[in-house]
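Chemist: These protein sequence lines map, in sequence, to chains Z and L. Here the first sequence is numbered in numbering that gives the first Met the number 0, starting from 0 and rising by one per residue. Here the second sequence is numbered in numbering that gives the first Met the number 0, starting from 0 and rising by one per residue. For each residue, glycine too, the CB sits at the ideal point set by N, CA and C.
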Amino acid sequence: MNLIPDAGSGFCPSDARESVDWRRRNLLRLIGVMLARMNFPKSAFAGGRQGTDGSGQRVIAVIFGGVRRAETFSTDGIENIPHLANDLFPQSLFFRDVRNEGVTAHFNAISSVLTGNWQHVDDWGKLPPTTPTLFEYFRKKFGAERSDTWVIASNKALTSQIGASSAANFGPPYGANVVFPKQLMVAAVSNALRTGRSRNMADRAKVEAELENMLEAGNYEGLGWTVSDGTNRLDPRVRGTVEEAITTFVRSGGPTSGDELTFLVSREVMRKFSPRLLVVIFSDVEVAHFGSYALHVAGIRTGDRLAYELWQEIQANPDYRGKTTMVVLPEFGRDPDGSTTNGFFNHRGNTDSTRSTWMLALGLGVGKPQVIERPIQHVDLCCTLAGLLGCPSVESQGKPLLELRV
Amino acid sequence: MRESQTVSSQAERKLPPQLQQALNKGLMKRLPITFQPFTRQQIRDWSYLFPYERQSILSLLLYLANLTDAQLADLFREIVQLEEKMGVRSWQFSTEEQTILNASLLARSPYYQDWRKAVQKVFDRAEEHRGKEPRNDTEGKRLILMEIPARLPLEPSKVWRKWEGVGRPLKLQSVSPTAPLGLAEILIGSSQAREGSGLLEIMAEQPNVSFADTWIIDAGGNLVEAALKGIPTGASTPPAILISYPRLAEFRENFSHQINTMQKDLADADAVYARLRQTDVSPWCPPEVASEPVIREFLRSLYLSGNGALIYANSFVEWGVSEAFRRARPSVVVAQFGVRSKPKPFTSVAIFENQEQINPLPAVDDLPGSALDAQVMALYIWLAASRFDEYQRNTVCLCIAASLGEVYVVAPPEFSLLHESEPVTVDGLRDTVMQWIAANQRVAP
Chain Z
0 MNLIPDAGSG
10 FCPSDARESV
20 DWRRRNLLRL
30 IGVMLARMNF
40 PKSAFAGGRQ
50 GTDGSGQRVI
60 AVIFGGVRRA
70 ETFSTDGIEN
80 IPHLANDLFP
90 QSLFFRDVRN
100 EGVTAHFNAI
110 SSVLTGNWQH
120 VDDWGKLPPT
130 TPTLFEYFRK
140 KFGAERSDTW
150 VIASNKALTS
160 QIGASSAANF
170 GPPYGANVVF
180 PKQLMVAAVS
190 NALRTGRSRN
200 MADRAKVEAE
210 LENMLEAGNY
220 EGLGWTVSDG
230 TNRLDPRVRG
240 TVEEAITTFV
250 RSGGPTSGDE
260 LTFLVSREVM
270 RKFSPRLLVV
280 IFSDVEVAHF
290 GSYALHVAGI
300 RTGDRLAYEL
310 WQEIQANPDY
320 RGKTTMVVLP
330 EFGRDPDGST
340 TNGFFNHRGN
350 TDSTRSTWML
360 ALGLGVGKPQ
370 VIERPIQHVD
380 LCCTLAGLLG
390 CPSVESQGKP
400 LLELRV
Chain L
0 MRESQTVSSQ
10 AERKLPPQLQ
20 QALNKGLMKR
30 LPITFQPFTR
40 QQIRDWSYLF
50 PYERQSILSL
60 LLYLANLTDA
70 QLADLFREIV
80 QLEEKMGVRS
90 WQFSTEEQTI
100 LNASLLARSP
110 YYQDWRKAVQ
120 KVFDRAEEHR
130 GKEPRNDTEG
140 KRLILMEIPA
150 RLPLEPSKVW
160 RKWEGVGRPL
170 KLQSVSPTAP
180 LGLAEILIGS
190 SQAREGSGLL
200 EIMAEQPNVS
210 FADTWIIDAG
220 GNLVEAALKG
230 IPTGASTPPA
240 ILISYPRLAE
250 FRENFSHQIN
260 TMQKDLADAD
270 AVYARLRQTD
280 VSPWCPPEVA
290 SEPVIREFLR
300 SLYLSGNGAL
310 IYANSFVEWG
320 VSEAFRRARP
330 SVVVAQFGVR
340 SKPKPFTSVA
350 IFENQEQINP
360 LPAVDDLPGS
370 ALDAQVMALY
380 IWLAASRFDE
390 YQRNTVCLCI
400 AASLGEVYVV
410 APPEFSLLHE
420 SEPVTVDGLR
430 DTVMQWIAAN
440 QRVAP
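#1: When the Cα of Gln369 (chain Z) is compared with those of Z:Asp86, Z:Ser91, Z:Ile59, Z:Ile80, which residue comes out closest?
#2: Flag this pair as touching only if the region 14 to 22 of chain L and the region 55 to 66 of chain L have three or more C-beta atom pairs under 8 angstroms; answer yes or no.
#3: With a threshold of 8 angstroms between beta carbons, is Thr255 (chain Z) in contact with chain L?
#4: Look up Val432 (chain L) in the DSSP assignment and say whether it is helix, strand or coil.
#5: Could you tell me which chain Z residues have their CB closer than 9 angstroms to the CB of Gln112 (chain L), listed as they occur along the chain?
#6: Look at the Cβ atom of Tyr407 (chain L), then the Cβ atom of Trp162 (chain L), and state whether they are nearer than 8 angstroms.
#7: Report yes if the CB atom of Ser395 (chain Z) is closer than 8 angstroms to the CB atom of Asp96 (chain Z), and no otherwise.
#8: Enumerate in chain order the residues of its own chain whose CB-to-CB distance from Arg22 (chain Z) is below 6 angstroms, with the five nearest sequence positions on each side excluded.
#9: Could you give the DSSP three-state label for Leu328 (chain Z): helix, strand or coil?
#10: Within the 8 angstroms Cβ cut-off, does Val181 (chain Z) reach chain L?
#11: Could you tell me the alpha carbon to alpha carbon distance between Gln160 (chain Z) and Pro128 (chain Z), rounded to whole angstroms?
#12: According to DSSP, simplified to helix, strand and coil, what is Asn327 (chain L)?
#13: Cβ atoms of Cys398 (chain L) and Met145 (chain L): under 8 angstroms apart, would you say?
#14: So with Cβ pairs under 8 angstroms, would you call Leu318 (chain L) a contact of chain Z?
#15: For Ser415 (chain L), is the classification buried or exposed, using 16 other Cβ atoms within 10 angstroms of its Cβ as the cut-off for buried?
#16: Going by the beta-carbon positions, is the gap between Glu243 (chain Z) and Glu215 (chain Z) smaller than 8 angstroms?
#17: Could you tell me the alpha carbon to alpha carbon distance between Thr51 (chain Z) and Lys140 (chain Z), rounded to whole angstroms?
#18: Taking only beta carbons into account, state which residues of the region 291 to 325 of chain L come closer than 9 angstroms to chain Z, listed in chain order.
#19: List the endpoints of the continuous beta strand (DSSP E) containing Phe63 (chain Z).
#20: Is the distance from the Cβ of Gly181 (chain L) to the Cβ of Ala401 (chain L) below 8 angstroms?
#21: How is the beta strand (DSSP E) around Lys170 (chain L) delimited, first residue to last?
#22: My guess is that Pro411 (chain L) and Arg392 (chain L) are in contact by the Cβ rule of under 8 angstroms, so how many angstroms apart are they, rounded?
#23: Report back the beta-carbon spacing between Phe254 (chain L) and Leu199 (chain L) to the nearest angstrom; my notes put them in contact at under 8 angstroms.
#24: Got a sec, what are the start and stop residues for the alpha helix (DSSP H) Glu259 (chain Z) sits in?
#25: Expressed to the nearest angstrom, what Euclidean distance is found between the alpha-carbon atoms of Trp283 (chain L) and Leu428 (chain L)?
#26: Which residue marks the beginning of the alpha helix (DSSP H) containing Glu405 (chain L), and which one marks its end?
#27: Under 8 angstroms between C-beta atoms, does Ser291 (chain Z) make it to chain L?
#28: Counting only Cβ pairs nearer than 9 angstroms, list the residues of chain L close to Arg198 (chain Z).
#29: Val206 (chain Z) touches chain L at which residues, Cβ-Cβ below 7 angstroms?
#30: Residues of chain Z with CB under 9 angstroms from Ser93 (chain L), in chain order?
#31: Please report the distance separating the alpha-carbon of Thr340 (chain Z) from that of Gln54 (chain L).
#32: Between the C-alpha atoms of Gln376 (chain Z) and Val112 (chain Z), what's the straight-line distance to the nearest angstrom?
#33: Under 9 angstroms Cβ-Cβ, which residues of chain L neighbour Asp336 (chain Z)?
#34: Span of the alpha helix (DSSP H) holding Leu406 (chain Z)?
#35: Based on Cα-Cα distance, which residue from Z:Gly174, Z:Met325, Z:Met200, Z:Cys382 lies nearest to Gln356 (chain L)?
#36: Return the chain-ordered list of same chain residues with a C-beta closer than 6 angstroms to the C-beta of Ile216 (chain L), the five sequence neighbours on each side being excluded.
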């Protein structure tokens with residue numbers, strides 16, 4: 000008997016989400032529109048631009064999907080995160096108990112991190128967060144360009160609504176650029192399938208052409224990429240950025256998961272636009288919803304490696320080296336083994352396994368490496384990062400993390 | 000002997016008169032809003048419920064029906080108050096059936112966890128009441144037999160670590176990884192393959208056994224095919240509920256195709272799910288499923304509830320067995336895990352698409368990955384069973400790691416192999432298991 004909507008009750012919105020098929024959104028027509036509508040002023044294309052307002056600091060937040068402590072910072076889990084544990088942890092401010100006390104589903108979890116307030120909006124991303132995001136505070140206070148703030152995400156539960164709130168006096172005019180590189184892949188596969196060219200997806204050269212066709216065709220709404228105003232043309236700089244990432248993705252012969260492409264696009268965006276606030280969201284781990292523990296763990300290992308490679312890019316890129324604070328945290332954990340919600344498959348339990356995770360902070364905002372034992376909350380992050388960026392006035396349910404400061 | 004009642008005839012039952020009477024007196028209207036979709040759905044699907052869950056819902060509803068208005072108000076007070084706070088009446092909340100939109104509305108409410116606790120309290124009260132009634136369904140001997148097949152490489156030092164010592168590993172003698180029959184298949188037995196009665200024959204000889212008492216859920220096809228071969232000519236009833244992942248390929252692909260049409264929208268998701276609930280799935284089912292409406296509907300519900308059942312064979316096995324425990328409380332479950340392919344480059348992002356059809360690259364077996372998946376799924380099956388009273392005392396759980404020639408034994412002290420220090424033969428294991436089940440004098444609910 001099961002009245003409570005958990006794994007045994009006949010609902011699994013997460014599966015349904017994964018099933019979303021963007022073919023029907025006429026992607027080819029809209030892709031170009033979406034990128035073209037991104038607001039990229041010429042000044043933002045110069046590259047290497049120094050912050051002339053705010054603190055001059057840059058902030059990069061790397062957010063994983065749901066991962067349990069058991070598979071990460073635990074005796075058995077540590078082998079899954081060699082880079083976080085061995086390369087980054089020793090130089091980090093490590094918050095041992097970071098709690099998600101809100102809705103442990105993707106859109107609400109990420110928007111709670113980004114707004115500093117527990118959000119309870121539609122979890123399929125139909126509605127924006129109800130209070131301003133970090134992007135909006137930053138852009139409004141300093142008149143920063145849209146291209147200074149980006150969300151680059153693999154997670155299909157997100158939509159462009161993650162980039163700006165519905166709050167009065169804030170909203171989309173102050174929102175971030177939002178791109179979902181994995182959606183480009185899903186759309187390319189779907190399009191190839193629909194037009195009888197799915198065999199192309201077995202040939203790397205043809206895969207590249209399929210992905211670029213998606214870019215060229217100008218049909219972006221289904222991808223969920225941000226739109227601000229409307230022309231039909233793709234800004235050449237943005238297109239070049241994404242194309243560069245696609246080329247590396249396809250030709251390198253390396254792994255081909257959604258997170259790999261998200262990483263490559265993020266790195267190209269850093270190189271071309273050097274945004275001052277970048278949020279990168281990895282979600283290969285969410286294969287857990289389908290019950291493959293091995294692939295879930297592989298997703299953790301991928302995230303571990305890519306987070307480290309982002310840190311290496313920060314060290315190698317003069318726009319970021321010595322000016323950047325990077326935080327790495329999961330959205331939440333996952334349900335404990337033996338739970339009625341089918342353990343690691345899901346993240347709906349009201350347990351420590353689901354709610355308690357961790358956070359690594361690295362770089363400029365870190366005074367000295369140490370482990371912080373006291374519990375903190377996801378909503379503490381927005382006001383803390385806002386402080387680092389020089390805009391401390393944030394209405395948040397959280398409290399600033401005093402260990403992280405300019 | 001096994002009751003001659005078939006699955007089909009079980010499905011044709013009407014509501015018990017006392018339940019019908021309670022409904023006629025307006026029981027449904029006395030329930031809180033958030034209780035109604037579940038209850039209505041159970042009543043509507045009565046023909047497709049297993050005997051255990053019929054008994055369970057009957058007991059709950061009769062308990063509620065027999066409460067006075069004051070007692071009912073007291074029982075549901077907390078839920079009703081929370082519904083007020085959540086503003087459920089202003090939601091687009093279906094009282095007819097459980098929908099994705101319902102689940103989403105509840106889950107994002109700030110009061111969701113409180114509501115869950117309050118609901119659980121009601122069920123606990125009902126269960127407490129049920130506990131006062133005489134029950135005979137927790138005494139029988141039960142068996143959970145799983146196999147991680149020989150193809151899957153397992154690390155001896157890690158394979159049982161997550162079981163945290165709840166049982167112990169036992170070496171099997173002379174197990175050849177190249178043996179033509181899987182161990183679980185040998186244990187099921189059939190008159191052609193081995194001498195003596197197999198597990199299915201023994202179960203068939205138990206008194207008053209329900210049709211849902213024995214389940215075989217197979218990531219491959221060999222167990223189910225062996226069981227089907229063992230059905231005597233002219234017998235109309237399969238010897239157990241027989242579910243094979245590959246034999247359900249057409250069912251699965253048609254469901255996946257429908258789910259692929261879903262827009263990223265709750266209303267559309269519910270519309271697709273509603274369509275899938277109405278679709279006649281019989282043409283997509285193998286005969287052993289097509290002929291049994293209860294099993295057909297079990298599978299439909301399994302696929303609609305996600306948890307990877309449409310995607311990976313081992314997830315299907317785990318989730319299928321877990322749901323069997325929850326809904327049917329079987330006495331004997333045999334589960335065999337299998338192999339999945341590695342994700343194919345690029346196209347694997349479209350997870351609901353059939354990779355074999357959309358990507359011409361050859362499928363490559365992921366043996367180590369499948370082994371790890373199976374290891375965790377086997378543990379989850381045991382954990383799923385151990386949540387229920389029926390499996391607390393008299394249950395033997397055996398997980399065979401064929402590649403290691405080992406079986407992990409979780410059992411009550413009287414199960415002799417629990418104390419065995421020497422390796423046992425497969426025949427010895429088989430005989431002990433058969434004796435365990437044959438000694439069963441349980442009376443089914």
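Modeler: Looking at the coordinates:
#1: The count along the first sequence starts at 1 and reaches residue 369 (chain Z) at position 370. Considering only alpha carbons, the answer is Z:Ser91.
#2: By the C-beta criterion, the region 14 to 22 of chain L is judged to be in contact with the region 55 to 66 of chain L, since at least 3 inter-stretch pairs fall below 8 angstroms.
#3: Residue mapping note: residue 255 (chain Z) aligns to position 256 of the first sequence, counting from 1. So yes, Thr255 (chain Z) belongs to the interface.
#4: Your numbering for residue 432 (chain L) matches position 433 in the second sequence. It is helical.
#5: Position 113 of the second sequence, counted from the start, is the residue given in the question as residue 112 (chain L). Those are Asn349, listed as they occur along chain Z.
#6: Stepping through the second sequence from its first residue, residue 407 (chain L) is reached at position 408. Stepping through the second sequence from its first residue, residue 162 (chain L) is reached at position 163. Trp162 (chain L) is positioned such that its CB atom lies closer than 8 angstroms to that of Tyr407 (chain L).
#7: Numbered from its first residue, the first sequence carries residue 395 (chain Z) at position 396. Numbered from its first residue, the first sequence carries residue 96 (chain Z) at position 97. No Cβ-Cβ contact shorter than 8 angstroms links Ser395 (chain Z) with Asp96 (chain Z).
#8: Taking the first sequence and counting its residues from 1, the one referred to as residue 22 (chain Z) is at position 23. Because Arg22 (chain Z) sits at a pLDDT of 32, beneath the cut-off of 50, its placement in the model cannot be relied upon, and the point is left open.
#9: Looking up residue 328 (chain Z) in the first sequence gives position 329. Annotated three-state conformation of Leu328 (chain Z) is strand, per DSSP.
#10: Translated into the one-based positions of the first sequence, residue 181 (chain Z) becomes position 182. According to the sequence shown, residue 181 (chain Z) is Lys rather than Val. Chain L has a Cβ within less than 8 angstroms of the Cβ of Lys181 (chain Z).
#11: Here residue 160 (chain Z) is taken as the residue at index 161 of the first sequence, counted from 1. Here residue 128 (chain Z) is taken as the residue at index 129 of the first sequence, counted from 1. Cα to Cα, Gln160 (chain Z) sits roughly 8 angstroms from Pro128 (chain Z).
#12: Taking the second sequence and counting its residues from 1, one reaches residue 327 (chain L) at position 328. In the sequence on display, residue 327 (chain L) carries Ala and not Asn. Under the three-state reduction of DSSP output, Ala327 (chain L) falls in the helix class.
#13: Position 146 of the second sequence, counted from the start, is the residue given in the question as residue 145 (chain L). Position 399 of the second sequence, counted from the start, is the residue given in the question as residue 398 (chain L). With respect to Cys398 (chain L), Met145 (chain L) sits close: the two C-beta atoms are nearer than 8 angstroms.
#14: Indexing the second sequence from 1 puts residue 318 (chain L) at position 319. A quick correction: the sequence has Trp, not Leu, at residue 318 (chain L). Trp318 (chain L) counts as touching chain Z.
#15: For the purposes of this step, residue 415 (chain L) is taken as the residue at position 416 of the second sequence. By the Cβ neighbour-count rule, Ser415 (chain L) is exposed, with fewer than 16 other Cβ atoms within 10 Å of its own.
#16: Within the first sequence, residue 243 (chain Z) is the residue found at index 244, counting from 1. Within the first sequence, residue 215 (chain Z) is the residue found at index 216, counting from 1. It is not a contact, given that the beta carbons lie outside the stated cut-off.
#17: The sequence position of residue 51 (chain Z) within the first sequence is 52, counting from 1. The sequence position of residue 140 (chain Z) within the first sequence is 141, counting from 1. The predicted model places Thr51 (chain Z) with a pLDDT of 48, which falls under 50 and marks its position as unreliable; any figure quoted below should be read in that light. Thr51 (chain Z) and Lys140 (chain Z): Cα-Cα distance of roughly 13 angstroms.
#18: Within the region 291 to 325 of chain L, the residues whose Cβ lies closer than 9 angstroms to some Cβ of chain Z are Ser300, Leu303, Ser304, Gly305, Asn306, Gly307, Ala308, Leu309, Ile310, Tyr311, Asn313, Ser314, Phe315, Glu317, Trp318, Ser321, Glu322, Arg325, listed in chain order.
#19: Within the first sequence, numbered from 1, the residue matching residue 63 (chain Z) stands at position 64. Following the DSSP letters along the chain, one finds Phe63 (chain Z) inside the beta strand (DSSP E) bounded by residues 57 to 65.
#20: Indexing the second sequence from 1 puts residue 181 (chain L) at position 182. Indexing the second sequence from 1 puts residue 401 (chain L) at position 402. The Cβ atoms of Gly181 (chain L) and Ala401 (chain L) lie closer than 8 angstroms to each other.
#21: Locating residue 170 (chain L) in the second sequence gives position 171, where the first residue counts as 1. 167 to 170 is the span of the beta strand (DSSP E), which, as asked, contains Lys170 (chain L).
#22: For the purposes of this step, residue 411 (chain L) is taken as the residue at position 412 of the second sequence. For the purposes of this step, residue 392 (chain L) is taken as the residue at position 393 of the second sequence. Going by Cβ atoms, the distance from Pro411 (chain L) to Arg392 (chain L) rounds to 6 angstroms, so yes, they are a contact pair.
#23: Taking the second sequence and counting its residues from 1, one reaches residue 254 (chain L) at position 255. Taking the second sequence and counting its residues from 1, one reaches residue 199 (chain L) at position 200. Incorrect: roughly 29 angstroms between the Cβ atoms, too far for contact.
#24: Locating residue 259 (chain Z) in the first sequence gives position 260, where the first residue counts as 1. Unbroken alpha helix (DSSP H) run through Glu259 (chain Z): 257 to 272.
#25: Here the question's residue 283 (chain L) lines up with position 284 in the second sequence. Here the question's residue 428 (chain L) lines up with position 429 in the second sequence. In a straight line, the C-alpha of Trp283 (chain L) is about 38 angstroms away from that of Leu428 (chain L).
#26: Within the second sequence, residue 405 (chain L) is the residue found at index 406, counting from 1. Taken as a continuous stretch (DSSP letters only), Glu405 (chain L) belongs to no alpha helix (DSSP H), being part of the beta strand (DSSP E) at 405 to 409.
#27: To locate residue 291 (chain Z), count along the first sequence from 1; it is residue 292. Chain L places a beta carbon closer than 8 angstroms to that of Ser291 (chain Z), counting this residue as a contact.
#28: Translated into the one-based positions of the first sequence, residue 198 (chain Z) becomes position 199. Neighbours of Arg198 (chain Z) on chain L, chain order: Ile357, Asn358, Pro359.
#29: For this step, residue 206 (chain Z) is matched to residue 207 along the first sequence. Those are Phe345, listed as they occur along chain L.
#30: The sequence position of residue 93 (chain L) within the second sequence is 94, counting from 1. Near Ser93 (chain L) there are no residues of chain Z at all, since even the closest Cβ is about 12 angstroms away, more than 9 angstroms.
#31: For the purposes of this step, residue 340 (chain Z) is taken as residue 341 along the first sequence, with counting starting at 1. For the purposes of this step, residue 54 (chain L) is taken as residue 55 along the second sequence, with counting starting at 1. It is roughly 23 angstroms from the alpha-carbon of Thr340 (chain Z) to the alpha-carbon of Gln54 (chain L).
#32: Here residue 376 (chain Z) is taken as the residue at index 377 of the first sequence, counted from 1. Here residue 112 (chain Z) is taken as the residue at index 113 of the first sequence, counted from 1. Cα to Cα, Gln376 (chain Z) sits roughly 9 angstroms from Val112 (chain Z).
#33: By 1-based counting over the first sequence, the position of residue 336 (chain Z) is 337. Under the 9 angstroms cutoff, chain L gives Lys161, Val375, Leu378, Tyr379, Leu382.
#34: No information on residue 406 (chain Z) is available, as it lies outside the stretch 0 to 405 that chain Z covers here.
#35: For the purposes of this step, residue 356 (chain L) is taken as residue 357 along the second sequence, with counting starting at 1. Here the closest residue by C-alpha is Z:Met200.
#36: Along the second sequence, read from residue 1 onward, the residue named residue 216 (chain L) stands at position 217. Contacts found: Ile242, Val316, Gly319, Val320, Ala334.
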